[in-house]
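Encoded as structure tokens, the structure appears first; notes follow it.
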Amino acid sequence: MNAPTTLSKPAAIRRTRYAIQTAALLFAITTCCVLVGILGDRFPRRFDATVTREHQLSERTQKLLKSLDGDYELIIAANFSMLDPQAARRTQDVLDNFSHATTHLRPTVIDAASANGAAQLDAILARLVDRFKPELDKQREGLNQSAAAAAKLVAELTSLSDTMHALDANVLPGEPHAEALKRLLADCSTNCAIASKNLEKAVAGASQSATLRIGHTPVPGTDELIANLRGALSSG
779 MNAPTTLSKP
789 AAIRRTRYAI
799 QTAALLFAIT
809 TCCVLVGILG
819 DRFPRRFDAT
829 VTREHQLSER
839 TQKLLKSLDG
849 DYELIIAANF
859 SMLDPQAARR
869 TQDVLDNFSH
879 ATTHLRPTVI
889 DAASANGAAQ
899 LDAILARLVD
909 RFKPELDKQR
919 EGLNQSAAAA
929 AKLVAELTSL
939 SDTMHALDAN
949 VLPGEPHAEA
959 LKRLLADCST
969 NCAIASKNLE
979 KAVAGASQSA
989 TLRIGHTPVP
999 GTDELIANLR
1009 GALSSG
């Protein structure tokens, strides 16, 4: 009866040893997985494993990003509900690569269709207006001076039109070249009156353009203002 019991002890010992080794291996694997997760959160890094390397920045782009010596903000505003999810993910991958390549570029992504999309756009415009305030103030001052000069020219053109009309009425029919002179004065009076009206409309439009707002942010429409004044002055 003792022989079988004696022979079974080595097998039991081997089973126990295998169980301990298996438990130790599982514990080691679990520990490695936890450490990888912690390190991944603290030191994020992406690797492009695609065949086409479509998510890897080109050498030229990397050099450009590394050459930045100031702080820049890259703003992407879109209606993400209308975009292809795959395209949105690829865009985010590229932006992440930008952030990893340099500390001088800060991407800002805005979903214009979201609940706070309009507020985010207003905040960006407010930052831009504040950043370029000296240039905008100087440009606004020059445009206001141009509008004031144009308004003065409106009065002068109106007065000149009235003067030409009065001279036309004083030309007597019997005088030499009376008809030709009357036509010339009448045409000049009409042209001055038309130019005065057009310039007056342009000045009024310029005043509206100077007070334009985009959302809740005052952003003067300087390009439209200049175009209105230039068109009216050149046609006159």
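Numbering (our numbering) for the sequence shown: 779 to 1014.
Where is the CB? At the ideal position from N, CA and C, for every residue including glycine.
None of these values were measured; they are calculated from a predicted model.
message = Between which residues of its own chain and T828 is the CB-CB distance below 6 Å, once the five residues before and five after are set aside?
response = Position 50 of the sequence shown, counting from 1, holds the residue named residue 828. The pLDDT assigned to T828 is 42, lower than 50, so where the model puts this residue is not dependable; a value taken from the coordinates is nonetheless given after this. Excluding residues within five positions, none has a Cβ falling inside 6 Å.
key: Contact the region 937–947 vs the region 959–969: 3+ CB pairs below 8 Å   = Enough Cβ pairs lie closer than 8 Å, so yes.
message = Using 8 Å as the threshold, is the C-beta distance between L843 and L883 below it?
response = Position 65 of the sequence shown, counted from the first residue, corresponds to residue 843. Position 105 of the sequence shown, counted from the first residue, corresponds to residue 883. The beta carbons of L843 and L883 sit closer together than 8 Å.
request  = Drop a sphere of 10 angstroms on the beta-carbon of G920, count the other beta-carbons inside from all chains shown, and report buried for 16 or more, exposed for fewer.
outcome  = Sequence index remark: in the sequence shown, residue 920 carries index 142 (1-based). By the Cβ neighbour-count rule, G920 is exposed, with fewer than 16 other Cβ atoms within 10 Å of its own.
request  = Would you kindly work out how many angstroms separate the C-alpha atoms of A927 and L938, rounded to a whole number?
outcome  = The residue you call residue 927 lines up with position 149 of the sequence shown. The residue you call residue 938 lines up with position 160 of the sequence shown. Straight-line measurement puts the Cα of L938 at about 16 Å from the Cα of A927.
key: Cα-Cα separation, A958 to Q986   = Numbered from 1 along the sequence shown, position 180 holds the residue referred to as residue 958. Numbered from 1 along the sequence shown, position 208 holds the residue referred to as residue 986. Distance between the alpha carbons of A958 and Q986: 42 Å.
query = Cα separation between R1008 and P912?
reply = Along the sequence shown, read from residue 1 onward, the residue named residue 1008 stands at position 230. Along the sequence shown, read from residue 1 onward, the residue named residue 912 stands at position 134. Rounded to whole angstroms, the gap between the alpha carbons of R1008 and P912 is 24 Å.
Span of the beta strand (DSSP E), counted from its first residue to its last, around D889 = Counting from one through the sequence shown, the residue named residue 889 turns up at place 111. It spans 883–889 - the beta strand (DSSP E) in which D889 sits, taken as one unbroken run.
inquiry  = On the DSSP letters alone, give me the boundaries of the alpha helix (DSSP H) that A856 sits inside.
reply    = Counted from its first residue, the sequence shown places residue 856 at position 78. Judged by DSSP secondary structure, A856 falls outside any alpha helix (DSSP H) and instead within the beta strand (DSSP E) spanning 850–856.
ask   = Candidates A982, T1000, R918, A855: which alpha carbon is nearest N894's?
value = Here residue 894 refers to the residue found at position 116 when the sequence shown is read from its first residue. Of the listed residues, the one whose Cα sits closest to N894 is A855.
key: Own chain, CB closer than 7 Å to F825, minus 5 neighbours either side, in chain order   = By 1-based counting over the sequence shown, the position of residue 825 is 47. Note that F825 has pLDDT 44, beneath the 50 cutoff, so the model's placement of it is unreliable and the number below is only indicative. Excluding sequence neighbours, F825 sits near nothing in its chain.
inquiry  = Within the continuous alpha helix (DSSP H) that includes M860, where are the two ends?
reply    = As a working note, residue 860 is residue 82 in the sequence shown. Neither: M860 is in no alpha helix (DSSP H) and is coded neither H nor E.
query = Of the residues S859, A1005, D1001, F858, which one's Cα is nearest the Cα of A980?
reply = Locating residue 980 in the sequence shown gives position 202, where the first residue counts as 1. Among S859, A1005, D1001, F858, the Cα nearest to that of A980 belongs to A1005.
request  = Since I believe T880 is in contact with L846 (beta carbons under 8 Å), could you give me their beta-carbon distance rounded to a whole number of angstroms?
outcome  = Translated into positions along the sequence shown, residue 846 becomes position 68. Translated into positions along the sequence shown, residue 880 becomes position 102. At roughly 6 Å, the Cβ-Cβ gap stays under 8 Å, so L846 and T880 are in contact.
query = Start and end of the alpha helix (DSSP H) containing G920?
reply = Looking up residue 920 in the sequence shown gives position 142. Run containing G920: 911–948, per the alpha helix (DSSP H) assignment.
inquiry  = Let me check you understand the geometry: is the CB of E837 closer than 7 Å to at least one non-hydrogen atom of the ligand SAH?
reply    = Questions concerning the ligand SAH fall outside what the structure shown contains, since it holds no ligand whatsoever.
query = Does the Cβ of S859 have 16 or more other Cβ atoms within 10 Å, making it buried, or fewer, making it exposed?
reply = Residue mapping note: residue 859 aligns to position 81 of the sequence shown, counting from 1. Counting the other Cβ atoms within 10 Å of the Cβ of S859 gives fewer than 16, which makes it exposed.
query = Are the CB atoms of L1032 and L977 nearer to each other than 8 Å?
reply = The question about residue 1032 has no answer here: the residues shown for the chain are numbered 779 through 1014.
ask   = Considering only residues of the same chain and omitting the five flanking positions on each side of V932, which have a CB-CB separation below 7 Å?
value = Walking along the sequence shown from the start, residue 932 turns up at place 154. Listed in chain order, the non-local C-beta contacts of V932 below 7 Å within the same chain comprise S974, L977, E978, V981, local neighbours out to five positions each way being set aside.
Contacts around Q898, its chain only, beta-carbon distance under 6 Å, and the 5 residues preceding and following it disregarded = In the sequence shown, the residue the question calls residue 898 occupies position 120. Closer than 6 Å at the Cβ level, and outside the excluded window around Q898, lie I888.
query = Helix, strand or coil: how does DSSP classify S985 here?
reply = Residue numbering aside, residue 985 sits at position 207 when the sequence shown is read from its first letter. S985 falls in the helix class under three-state DSSP.
inquiry  = Output needed for F821: all residues of its chain with C-beta closer than 6 Å, excluding positions within five of it in sequence on either side, in chain order.
reply    = Within the sequence shown, residue 821 is the residue found at index 43, counting from 1. Note that F821 has pLDDT 48, beneath the 50 cutoff, so the model's placement of it is unreliable and the number below is only indicative. Excluding residues within five positions, none has a Cβ falling inside 6 Å.
task = Take the Cβ of A865 as the centre, count every other Cβ of all protein chains shown within 10 Å, and call the residue buried at 16 or more, exposed below.
result = Taking the sequence shown and counting its residues from 1, the one referred to as residue 865 is at position 87. A865 counts as exposed, since fewer than 16 other beta carbons sit within 10 angstroms of its beta carbon.
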